[in-house]
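Data block below; observations after.
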Amino acid sequence: MRRGCSILGSDLILFGLFAAVAVMGSLAVIGQKNPIYSVLALILSFFGLSGLYVLLEAPFVAVVQIIIYAGAIMVLFLFVVMLLNVPREDAAEWDRTHPYYRPAPAVLGSALAAATLGLLAWAFSRTPGLGAGVADARPAASSVGQLGRVLFTDYMFAFEVTSILILIAMVGAVALARKREQ
Amino acid sequence: MSGVLDWLTMPQTIFFLAVTGVVFLALQVSAAVFVYAERKVAAFMQQRYGPYLVGPKGLLQPIADIVKLVFKEELRPKAADGLLFAAAPVISAIAAFAAFAPVPFGASTTFFGLLPEPMPLQVADINVAVLVIFAITSMGVYGIVLAGWASNSKYSLLGGLRSSAQMISYELAYGMSLATICMIAGSLSLREIVDAQAGYYFGVIPKWNVFVLFPTGFIAFLVFGTAGVAETNRAPFDFPEAEQELVAGYHTEYSSMKFALFFLAEYINMVTAAAVTTNLFLGGWHGPLIPEAYGWIWFLIKLFVLCFVYLWLRWTLPRFRYDQLMAFGWKLLLPLATINLLVSAAGVLYFGL
């Protein structure tokens, strides 16, 4: 897996490529008028993220990202968009009603964005070892076995609580979708 | 620049490129052969002759088919979404080809001493190969769904929707039986899983995963095979293209090479499913009589047998009803696969495999 990188001289080019795919994909999600294209752009963005995981030497996370998000969840998204036949956004309507064209939400939005950027910059400035290469910052759990061991020992509580949360959501969805008895 | 040239002329690189090229071509040829085999086997089962006019015994029929498809007029419905209509068959074909990349088909070989170190007969040796195949296969559904949507035809849309529902339902049982085998083998690498299947129990029964922890291995094999047929949209699970109800399903509006790409993808998916089943359950390239260096012969034999079973199923079993298909997947296969996973987990703990 690393052989390909060494030809290019560094991981930097690949990182730039995958990061660009991820960012452009996410931008395309909100930039599209057609919801189907938004879903597809999101899938593309997930592929970019997955590539970044591979560069971080976490192939398992990369593949799981594709299987769960791109493979299962997005198929359901697409399914719902197609089944409801969600129409294209009407450009004229969008121009008239979108919050972007009103002053108060625009100011609030800009302030929030500035705050987020500031917070990110502050976090980065305080994180040690950002300049080090990927290989030095090797993640603790790179193989499936290690990952499982960590999940079921150190993070046991969080893991089990998450699974119960998902179970509750599933039961709730079934209860909501069930036909009402007359 | 010289670094790239050195890398390109290394024996390993040449071997790697050769293997990639051979796999790429072999998959295409296998699709053509599969079409011919399908028509001949169907004819045999229905007591007909099948294709016999083009070439001896109709052997050149695939070539005639391809020529015909190339020269067909390319049609596109007026209201279709142009970009996605063109992209859908390409997505299907790319996913089909890419899914074969992590599949090993032979033991490591020095290729008659031409290579300084043994190289595996495989395009990409990935340590999470099983999951990669699973991920790429699940990408194939987008081709079908988008084809159904982009055609802007009710039959296509229904075919696409059915396909996505079907694939999601059967992926669960598929994944559960995969997990069973990965757990028993203790690895997610297909090469390691195959290597764990070398040798014999009591000197007679091969140590294949079909026979491991009997009957859990066998149940996993059945579930995996059934879900595999459903994943590749083959009869008796060929709902996305149920002719009587949906004209031709998701590819109703397609013609010429775009249509051909869908069929190429379908047949390559079958070959990949058979190859993965061979590696996971039938011992891959391990078998009696043939030395390990020529193990790919065993691999091909097993592959052919499984492909024949695919054809056999299609021309023997009638299609399920749609609600039966869903009930079968969710109420029978998934619980069976889950219980099987738990039982084999207990078995692995007890016998300390």
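Chains as they are written, first to last, in my numbering: chain A, 10 to 191; chain B, 370 to 722.
Quick reminder that beta carbons are idealized off the backbone N, C-alpha and C, glycines included.
- Between which two residues does the alpha helix (DSSP H) containing B:Leu547 stretch? Stepping through the second sequence from its first residue, residue 547 of chain B is reached at position 178. Start and end: Lys523 to Ala554.
- If you pair each beta-carbon of the stretch 579-595 of chain B with each one of the stretch 657-668 of chain B, do three or more pairs fall below 8 Å? no
- Task: For A:Val84, return the contacting residues in chain B, with the cut-off set at a CB-CB distance below 8 Å.
- Result: Here the question's residue 84 of chain A lines up with position 75 in the first sequence. The contacting residues are Ser507, Val510, Tyr511, Val514, Ser533, Met536 and Ile537.
- Task: Give every residue of the same chain whose Cβ lies closer than 7 Å to the Cβ of A:Gly13, excluding the five residues on either side of it in the sequence, and list them in chain order.
- Result: On the first sequence, residue 13 of chain A is found 4 positions in, with the first residue counted as 1. Only weak support exists for where A:Gly13 lies, its pLDDT of 42 falling under 50; the coordinates are left without a value.
- Task: Put B:Met508 into one of helix, strand or coil per three-state DSSP.
- Result: Residue numbering aside, residue 508 of chain B sits at position 139 when the second sequence is read from its first letter. If DSSP states are grouped into helix, strand and coil, B:Met508 belongs with the helices.
- Within-8 Å CB hit, A:Ile75 to chain B: By 1-based counting over the first sequence, the position of residue 75 of chain A is 66. Output row for A:Ile75: interface = yes.
- Task: Would you mind sorting A:Leu121 into buried or exposed? The rule is 16 or more other CB atoms within 10 Å of its CB.
- Result: Position 112 of the first sequence, counted from the first residue, corresponds to residue 121 of chain A. Counting Cβ neighbours within 10 Å, A:Leu121 comes out exposed, since fewer than 16 surround it.
- Item | Minimum C-alpha distance to B:Pro487 - residue among B:Thr478, B:Gly698 and B:Phe668 | As a position in the second sequence, residue 487 of chain B is number 118, starting the count at 1. Nearest C-alpha to B:Pro487: B:Thr478.
- Task: Please compile the residues from chain B whose C-beta is within a distance smaller than 9 Å of the C-beta of A:Ile45.
- Result: Along the first sequence, one-based indexing puts residue 45 of chain A at 36. Correct list: Asp450, Leu453, Leu515, Trp518 and Ala519.
- At which residue ranges does the stretch 620-675 of chain B contain complete alpha helix (DSSP H) runs of 4 or more residues, listed in the order of the chain? 625-650
- Task: Determine whether the Cβ of B:Leu694 lies closer than 8 Å to any Cβ atom of chain A.
- Result: Position 325 of the second sequence, counted from the start, is the residue given in the question as residue 694 of chain B. Closer than 8 Å: no.
- When the distance is taken between beta carbons, is B:Ser538 closer than 8 Å to B:Gly698? Stepping through the second sequence from its first residue, residue 698 of chain B is reached at position 329. Stepping through the second sequence from its first residue, residue 538 of chain B is reached at position 169. Yes, the Cβ-Cβ distance between B:Gly698 and B:Ser538 is below 8 Å.
- Taking the continuous beta strand (DSSP E) assigned at B:Thr478, which residues delimit it? By one-based count along the second sequence, residue 478 of chain B stands at place 109. Segment Gly475 to Thr478, the beta strand (DSSP E) holding B:Thr478.
- Query: Which word fits B:Phe313, buried or exposed, when buried means at least 16 other C-beta atoms lie within 10 angstroms of its C-beta?
  - Reply: The question about residue 313 of chain B has no answer here: the residues shown for chain B are numbered 370 through 722.
- Run the CB neighbour count on B:Val391, radius 10 Å, all protein chains shown included, and call it buried at 16 or more, exposed below. Here residue 391 of chain B refers to the residue found at position 22 of the second sequence. Classification of B:Val391: exposed, given that the 10 Å Cβ count is below 16.
- Beta-carbon gap between A:Leu58 and A:Met83 smaller than 8 Å: Locating residue 58 of chain A in the first sequence gives position 49, where the first residue counts as 1. Locating residue 83 of chain A in the first sequence gives position 74, where the first residue counts as 1. Contact: no.
- Task: Check distances from the C-beta atoms of the stretch 399-416 of chain B to those of chain D and list, in chain order, the residues that come in under 7 Å.
- Result: Annotation note: the requested chain D is absent from the structure, which comprises protein chains A and B.
- Would you say A:Val159 reaches chain B, if we count a Cβ-Cβ gap shorter than 8 Å as a contact? Within the first sequence, numbered from 1, the residue matching residue 159 of chain A stands at position 150. Not one chain B Cβ lies under 8 Å of A:Val159.
- What residue ranges within the stretch 565-607 of chain B form continuous alpha helix (DSSP H) runs of no fewer than 4 residues, ordered along the chain? 585-600
- Message: I'd like the span of the beta strand (DSSP E) that includes B:Pro489, first residue to last.
- Response: Position 120 of the second sequence, counted from the first residue, corresponds to residue 489 of chain B. Where B:Pro489 is concerned, the enclosing beta strand (DSSP E) stretches over Met488 to Leu490.
- Query: At a Cβ threshold of 8 Å, is A:Met179 touching chain B?
  - Reply: What you label residue 179 of chain A is simply residue 170 of the first sequence in a count that begins at 1. No, its Cβ sits nowhere closer than 8 Å to a Cβ of chain B.
- Below 8 Å between beta carbons: does that hold for B:Phe593 and B:Phe673? Looking up residue 593 of chain B in the second sequence gives position 224. Looking up residue 673 of chain B in the second sequence gives position 304. No, these two residues do not count as a Cβ contact at 8 Å.
- By the 10 Å Cβ neighbour count, where 16 or more other Cβ atoms means buried, how is A:Ala67 classified, buried or exposed? What you label residue 67 of chain A is simply residue 58 of the first sequence in a count that begins at 1. When all chains shown are included, A:Ala67 counts as buried.
- Item | Secondary structure of B:Tyr691, DSSP reduced to three states | Against the second sequence, residue 691 of chain B aligns to sequence position 322. Looking at B:Tyr691 - three-state DSSP - the assignment turns out to be helix.
- Verify the CB distance criterion: does A:Gly34 have a CB-CB separation below 8 Å to chain B? Taking the first residue of the first sequence as position 1, residue 34 of chain A is located at position 25. Closer than 8 Å: no.
- Candidates B:Ala498, B:Val472, B:Pro704 and B:Thr685: closest to B:Gln415 by CA position: As a working mapping, residue 415 of chain B is identified with position 46 in the second sequence. When only C-alpha atoms are compared, the closest one is B:Thr685.
- Item | Closest residue to B:Ala449 among B:Thr585, B:Ala644 and B:Ala516 (Cα-Cα distance) | As a first step, residue 449 of chain B is located in the second sequence; it is residue number 80 there, counting from the start. Per the Cα distances, B:Ala516.
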